[in-house]
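Asker: Position in the sequence shown (first residue = 1) + 31 = the working numbering. One structure, as structure tokens, below. Some questions next.
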Amino acid sequence: MSALTKKVIREITHRKVRSLLTIVGIAIGIIGFSAVSVASSQFSQSLAYSSDVTVQPDLQIYTEPTRSDLAQVLQSQPNVKTVQPRGSIVTRWQIGQDTKLIQILGIPDFNTIKIGKFQLLEGKLPGANEIVLESGARTLSDVKVGDTISIQAGSTYRNEKISGFVQTQGRAQASIDGKAWGYMDEHDFEGVFMRAGVTNFAIQIKNYDQRYQTLDQLSTVIEAQHIKMTGSDVGRDTSVSDIANGLFQIMDLLSLIAILLSIILLVGTITSLIAEQVQAIGTMKAIGGGRGQIMRHYLALVTTYAVIGTVLGLVIGILAGYALSKYLGGLVSLNIGPLQISPVQLLIGLAIGIVTPLLAALIPVSIGTRITVRQALSGYGVENNASSGQGLWSKLTRAIFGTLPQTMQFGMRNMFRKRLRSVLTLVTLAIAGAALLAVQTANFSFNSFLNQVYDTYHFDVSVSISDPIAQSTFQRTLSTVPGIKRIEGMNQDNATTNWGDAALTGVQADTQIYHKDLVAGRWFNSSDTNNVVIISKDAADKSGLKVGNTISFNVGRYKASWHIIGITRDYSQIGPGKFGVLLTTIAQMNSLEQFPADYVQEVMIQSTNKAPSQAYLDDLSRKVDKAMSAAGYLPDVQTPQDLISQAQSKYQILYTLFDVVTIVIAVVGAVGLSNALMMSVLERRREIGILRSIGAVGRKVAQVFWTEGISIGLSAWVLALVLGIPAAYGFVQVQARLLAPVPFAFNPINMLLMLVVIVILAILASIGPVYAAMRVKIIQTLRYE
Numbered sequence: 032m033s034a035l036t037k038k039v040i041r042e043i044t045h046r047k048v049r050s051l052l053t054i055v056g057i058a059i060g061i062i063g064f065s066a067v068s069v070a071s072s073q074f075s076q077s078l079a080y081s082s083d084v085t086v087q088p089d090l091q092i093y094t095e096p097t098r099s100d101l102a103q104v105l106q107s108q109p110n111v112k113t114v115q116p117r118g119s120i121v122t123r124w125q126i127g128q129d130t131k132l133i134q135i136l137g138i139p140d141f142n143t144i145k146i147g148k149f150q151l152l153e154g155k156l157p158g159a160n161e162i163v164l165e166s167g168a169r170t171l172s173d174v175k176v177g178d179t180i181s182i183q184a185g186s187t188y189r190n191e192k193i194s195g196f197v198q199t200q201g202r203a204q205a206s207i208d209g210k211a212w213g214y215m216d217e218h219d220f221e222g223v224f225m226r227a228g229v230t231n232f233a234i235q236i237k238n239y240d241q242r243y244q245t246l247d248q249l250s251t252v253i254e255a256q257h258i259k260m261t262g263s264d265v266g267r268d269t270s271v272s273d274i275a276n277g278l279f280q281i282m283d284l285l286s287l288i289a290i291l292l293s294i295i296l297l298v299g300t301i302t303s304l305i306a307e308q309v310q311a312i313g314t315m316k317a318i319g320g321g322r323g324q325i326m327r328h329y330l331a332l333v334t335t336y337a338v339i340g341t342v343l344g345l346v347i348g349i350l351a352g353y354a355l356s357k358y359l360g361g362l363v364s365l366n367i368g369p370l371q372i373s374p375v376q377l378l379i380g381l382a383i384g385i386v387t388p389l390l391a392a393l394i395p396v397s398i399g400t401r402i403t404v405r406q407a408l409s410g411y412g413v414e415n416n417a418s419s420g421q422g423l424w425s426k427l428t429r430a431i432f433g434t435l436p437q438t439m440q441f442g443m444r445n446m447f448r449k450r451l452r453s454v455l456t457l458v459t460l461a462i463a464g465a466a467l468l469a470v471q472t473a474n475f476s477f478n479s480f481l482n483q484v485y486d487t488y489h490f491d492v493s494v495s496i497s498d499p500i501a502q503s504t505f506q507r508t509l510s511t512v513p514g515i516k517r518i519e520g521m522n523q524d525n526a527t528t529n530w531g532d533a534a535l536t537g538v539q540a541d542t543q544i545y546h547k548d549l550v551a552g553r554w555f556n557s558s559d560t561n562n563v564v565i566i567s568k569d570a571a572d573k574s575g576l577k578v579g580n581t582i583s584f585n586v587g588r589y590k591a592s593w594h595i596i597g598i599t600r601d602y603s604q605i606g607p608g609k610f611g612v613l614l615t616t617i618a619q620m621n622s623l624e625q626f627p628a629d630y631v632q633e634v635m636i637q638s639t640n641k642a643p644s645q646a647y648l649d650d651l652s653r654k655v656d657k658a659m660s661a662a663g664y665l666p667d668v669q670t671p672q673d674l675i676s677q678a679q680s681k682y683q684i685l686y687t688l689f690d691v692v693t694i695v696i697a698v699v700g701a702v703g704l705s706n707a708l709m710m711s712v713l714e715r716r717r718e719i720g721i722l723r724s725i726g727a728v729g730r731k732v733a734q735v736f737w738t739e740g741i742s743i744g745l746s747a748w749v750l751a752l753v754l755g756i757p758a759a760y761g762f763v764q765v766q767a768r769l770l771a772p773v774p775f776a777f778n779p780i781n782m783l784l785m786l787v788v789i790v791i792l793a794i795l796a797s798i799g800p801v802y803a804a805m806r807v808k809i810i811q812t813l814r815y816e
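This is the structure:
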């Protein structure tokens, strides 16, 4: 074994604390990067299966119960690729005292599914009196294979046994769209829901651009068969894929942040290591060591540390990342699958963990090997170049901190002795603080936005049903429910525009529940004829449309070009791929879709209580549900808080990931500070000895390093404020571009929260170094190398 190898091994084994700190510093950086990277890629791969729009139906046609062989007739038409007949119903699933919507599909033959294929994750396919549920249903209720659930069929509830759980390609999870999905055998489906035939035809076409023309053509064919159409859906549901794509891009951004922090931590760790070796370098030169030999020794030492730390970091980081992806998947009941690591991830991890420390070591090693023996050995560990104290900086610091105890002044001064190390530690902690501020601001902006949305639709309870009825029927049905002050109708349907999907929303012209917030133009009046519309401000911003322009759109089979009379603030349709809101009157919307003028599918209810509590609204919603159910309807009753929770659940994964990354960043910052302080203790053993020799007890010595740690933390907080507010604004803008254009909102309390977190991190990071400093004895400093 060569002398160089022996020296490297001795360095690692003899100075265990320093070796441990260096390896931990490298490992933490790699753990942070690999955990975020693995969790991101693992979750992305699994979510991509559920968000694949290419496997979704391009068209769906709903009919009265009919024969399944109509699918063959439709498939023979031009531009039709595949037709899947099935039963379909949206009903309710009773969970305790509450109910949730569930869409059930009746499948004629599970072995010949062409559209909506799924993977059986658990259990078996359903037989008689059985149902297989989409795995996301478990986010709504804690159910398992073999349990019995109650499904509403008409005015009664039927018990169905859960035979298994599946994951359907291209279908959103229940936590995202707020609705569970299930599959039954078509024969059993027809018996339970008393329907003699299939009611839904899922269709994929050859040329997607011709979807509206194809729908018109198929509608004509169906009418020629004397079969009544009850509805249609045109286009693929891209809402989940749009959210997924935005989520993936933000995950990539978080991975880059993890890489940056890992590099900063590694540079700080290795720089501290080499700086601490100045005296040893002088000793090696004094006994004849050449510059090249010394450089090879320290680069070999750094490489050894890097390999150990990187391997350890990759193993722990990969396992932690997979556990994180499983946790994120559990939030939406998404099957993550087996662990898959790409060679690129390993190569990047190895490059960061091994190459970065070597590059970080080159400059300090090169500089360190240039100094003379006298420079290296002169008073190492004791401050010997103090200025006269007459400079502006000295006068300023004395004026500010002169009243503090000398040990605290000593701790503050230590911040400026190893400036590069202090800067790297400050930057790492400041990034941790700025990340916390950015995440908290994003959360605050999103929640403020949701409250703003439901200030626009200022109802206390809303109730919707599957098929529109006369508004007077709603009012008559709910007339016996106490606590209702006002009922207003509303209709909403999906409209396709050149700029994306919009929500065509019909409200009463004399509405008192919908809050009008016009920024241009006017509201509807009695002199308006058909073909007028008010668009939301976000729609106007995206399209450049103004009052007086015309907007063209499609709603299923129906086409329209309406005159814009106003622009309003209505952010209810903000989201990826969403264009905004097209607001009109109920009568005009019904005229377009060929319904009677007073028909509505939903009503907004205002209670007699001017400041109702959530408990009051929950009680009112149960009474509304009971009244509608007693009249034979399948109502979907919700309070604003229900809708807010549903909207938040769509982005729950994102904000959970933000929180995890913030924790990783905080750990990296704390480890960086702890390493810096521990190196400070090692470098200042003689100074500690001097303090001990003049009577300083352990508490006084500890005060020096407590002060240094907290001073760095407070300085990092100031820097984090400078960086954090612009970063928070930029972060919200990135989120707005990739996910939902949420307006920026800032809560000053988050600055205090950031201060508390940084100070706590500084205190925790200082515990180990302070304890080590308190244990240093005078005799140990005299024996120091």
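Here a beta-carbon is modelled for each residue, glycine too, at the ideal position from N, C-alpha and C.
Express the C-alpha separation of N142 and K237 in angstroms, rounding to a whole number.
Answerer: Here residue 237 is taken as the residue at index 206 of the sequence shown, counted from 1. Here residue 142 is taken as the residue at index 111 of the sequence shown, counted from 1. Their backbone Cα atoms lie some 24 Å apart in a straight line.
Asker: If we count the other Cβ atoms within 10 Å of its Cβ and call it buried at 16 or more, is R49 buried or exposed?
Answerer: Here residue 49 is taken as the residue at index 18 of the sequence shown, counted from 1. Classification of R49: buried, given that the 10 Å Cβ count is 16 or more.
Asker: Considering only the alpha carbon of each residue, which of L246, F224, Q619, Q241 lies closest to F232?
Answerer: In the sequence shown, residue 232 corresponds to position 201, counting from 1. Among L246, F224, Q619, Q241, the Cα nearest to that of F232 is on L246.
Asker: Please report how far the alpha carbon of L355 lies from the alpha carbon of I349, in whole angstroms.
Answerer: Within the sequence shown, numbered from 1, the residue matching residue 355 stands at position 324. Within the sequence shown, numbered from 1, the residue matching residue 349 stands at position 318. Approximately 10 Å, taken between the alpha carbons.
Asker: Less than 8 Å separating the beta-carbons of I565 and I596?
Answerer: Counting from 1 along the sequence shown, the entry for residue 565 is found at position 534. Counting from 1 along the sequence shown, the entry for residue 596 is found at position 565. Yes, Cβ-Cβ distance for I565 and I596 is below 8 Å.
Asker: Quick check on DSSP: helix, strand or coil for G703?
Answerer: Sequence index remark: in the sequence shown, residue 703 carries index 672 (1-based). Three-state DSSP puts G703 in a helix.
Asker: With a floor of 3 residues, list each beta strand (DSSP E) that falls wholly inside the region 221-267, ordered by position along the chain.
Answerer: You should have 229-236, 260-265.
Asker: Rounded to the nearest angstrom, how far is the Cβ of E191 from that of E161, given a contact under 8 Å?
Answerer: Sequence index remark: in the sequence shown, residue 191 carries index 160 (1-based). Sequence index remark: in the sequence shown, residue 161 carries index 130 (1-based). Yes, E191 and E161 are in contact; Cβ-Cβ is about 6 Å, under 8 Å.
Asker: Is it true that the region 609-616 meets the region 488-503, where meeting means three or more beta-carbon pairs spaced less than 8 Å apart?
Answerer: With a cut-off of 8 Å, the region 488-503 and the region 609-616 do not count as touching, because too few Cβ pairs lie within range.
Asker: Using the three-state DSSP reduction, which class does P369 fall into: helix, strand or coil?
Answerer: Reading the sequence shown from its first residue, position 338 is the one you call residue 369. Three-state DSSP puts P369 in coil, outside helix and strand.
Asker: Along the chain, where does the alpha helix (DSSP H) containing F505 start, and where does it finish?
Answerer: Here residue 505 refers to the residue found at position 474 when the sequence shown is read from its first residue. Per DSSP, F505 belongs to the alpha helix (DSSP H) from 502-508.
Asker: Using only the alpha-carbon positions, how far apart do S479 and V773 sit?
Answerer: Here residue 479 corresponds to residue number 448 of the sequence shown, with the count starting at 1. Here residue 773 corresponds to residue number 742 of the sequence shown, with the count starting at 1. So the alpha carbons of these two residues sit roughly 9 Å apart.
Asker: Do you know whose CA, among I798, P757, I794, L171, lies nearest L467's CA?
Answerer: On the sequence shown, residue 467 is found 436 positions in, with the first residue counted as 1. Among I798, P757, I794, L171, the Cα nearest to that of L467 is on P757.
Asker: Starting from D569, follow its DSSP beta bridges and name the residues at the other end.
Answerer: Working through the sequence shown from its first residue, we reach residue 569 at position 538. The partner list for D569 (beta bridge, DSSP) is empty, contrary to what the question assumes.
Asker: On the DSSP bridge assignment, give the partners of H594 in chain order.
Answerer: The count along the sequence shown starts at 1 and reaches residue 594 at position 563. DSSP output for H594 lists V563, T581 as bridge partner(s).
Asker: Any contact between the region 383-396 and the region 326-337? By contact I mean 3 or more CB pairs, one from each, below 8 Å.
Answerer: Judged by Cβ distances under 8 Å, the region 383-396 makes contact with the region 326-337, as three or more pairs qualify.
Asker: Can you tell me whether V550 is buried or exposed, with buried defined as 16 or more other CB within 10 angstroms of its CB?
Answerer: The residue given as residue 550 occupies position 519 in the sequence shown. That one is exposed.
Asker: In chain order, which beta strand (DSSP E) runs of at least 3 residues are fully inside the region 663-698?
Answerer: Those beta strand (DSSP E) runs which fall completely within the region 663-698 and span 3+ residues are 667-669.
Asker: Quick one: what does DSSP say I294 is sitting in, helix, strand or coil?
Answerer: The sequence position of residue 294 within the sequence shown is 263, counting from 1. DSSP places I294 in helix when its eight states are reduced to three.
Asker: Given 8 Å as the limit, is there contact between the region 115-133 and the region 152-161, that is, 3 or more CB pairs closer than that?
Answerer: Cβ pair count under 8 Å is below three, so no.
Asker: Can you tell me which of Q677, V787, P800, M225 puts its alpha carbon nearest to the alpha carbon of E95?
Answerer: Against the sequence shown, residue 95 aligns to sequence position 64. Ranking the options by Cα distance to E95, first place goes to M225.
Asker: Take N529 as the anchor and find which of T542, Y488, I582 has the nearest alpha-carbon.
Answerer: Looking up residue 529 in the sequence shown gives position 498. That would be I582, whose Cα lies nearest to the Cα of N529.
Asker: Have a look at the DSSP bridge pairing and note the partners of R517.
Answerer: Residue mapping note: residue 517 aligns to position 486 of the sequence shown, counting from 1. For R517, which the question treats as bridged, DSSP gives the partners Q637.
Asker: Provide the residue span of the beta strand (DSSP E) that contains K609, from first to last.
Answerer: One-based indexing of the sequence shown puts residue 609 at position 578. Per DSSP, K609 belongs to the beta strand (DSSP E) from 609-616.
Asker: Tell me which same chain residues have a C-beta within less than 6 Å of the C-beta of Q483, skipping the five on either side of it?
Answerer: Residue mapping note: residue 483 aligns to position 452 of the sequence shown, counting from 1. So the list is empty, once near-sequence residues are dropped.
Asker: Just to check my reading of the structure: S638 and Y488 have Cβ atoms closer than 8 Å, yes? What is that Cβ distance to the nearest angstrom?
Answerer: Counting from 1 along the sequence shown, the entry for residue 638 is found at position 607. Counting from 1 along the sequence shown, the entry for residue 488 is found at position 457. So it is not a contact: roughly 15 Å between Cβ atoms.
Asker: Rounding to the nearest angstrom, what Cα-Cα distance links I120 and V788 in this structure?
Answerer: The residue you call residue 120 lines up with position 89 of the sequence shown. The residue you call residue 788 lines up with position 757 of the sequence shown. Going by the C-alpha atoms only, they are around 51 Å apart.
Asker: Between the C-alpha atoms of T36 and A351, what's the straight-line distance to the nearest angstrom?
Answerer: Walking along the sequence shown from the start, residue 36 turns up at place 5. Walking along the sequence shown from the start, residue 351 turns up at place 320. So the alpha carbons of these two residues sit roughly 34 Å apart.
Asker: Considering only DSSP beta bridges, list what S495 is partnered with.
Answerer: Residue mapping note: residue 495 aligns to position 464 of the sequence shown, counting from 1. Looking at the DSSP assignment, S495 forms a beta bridge with E633, D667.
Asker: Quick test of the definition: if touching needs 3 or more C-beta pairs under 8 Å, does the region 670-685 touch the region 643-650?
Answerer: Judged by Cβ distances under 8 Å, the region 670-685 makes contact with the region 643-650, as three or more pairs qualify.
Asker: For I402, tell me which candidate among M315, G384, V223 has the shortest Cα-Cα distance.
Answerer: Here residue 402 refers to the residue found at position 371 when the sequence shown is read from its first residue. When only C-alpha atoms are compared, the closest one is M315.
Asker: Could you tell me the alpha carbon to alpha carbon distance between I43 and L332, rounded to whole angstroms?
Answerer: Position 12 of the sequence shown, counted from the first residue, corresponds to residue 43. Position 301 of the sequence shown, counted from the first residue, corresponds to residue 332. So the alpha carbons of these two residues sit roughly 8 Å apart.
Asker: Beta strand (DSSP E) containing V114: first to last residue?
Answerer: Position 83 of the sequence shown holds residue 114. Taken as a continuous stretch (DSSP letters only), the beta strand (DSSP E) holding V114 covers 111-126.
Asker: Taking the alpha-carbon of W554 as reference, which of G575, D524, H594, A526 has the nearest alpha-carbon?
Answerer: Against the sequence shown, residue 554 aligns to sequence position 523. Checked all of G575, D524, H594, A526; the closest Cα to W554 is H594.
Asker: Identify whether Y602 lies in helix, strand or coil by the three-state DSSP scheme.
Answerer: Sequence index remark: in the sequence shown, residue 602 carries index 571 (1-based). Three-state result, Y602: coil.
Asker: Could you tell me the alpha carbon to alpha carbon distance between F630 and Y545, rounded to whole angstroms?
Answerer: Working through the sequence shown from its first residue, we reach residue 630 at position 599. Working through the sequence shown from its first residue, we reach residue 545 at position 514. In the sequence as presented, Phe is not what sits at residue 630; that position holds Tyr. C-alpha separation (whole angstroms): 18 Å.
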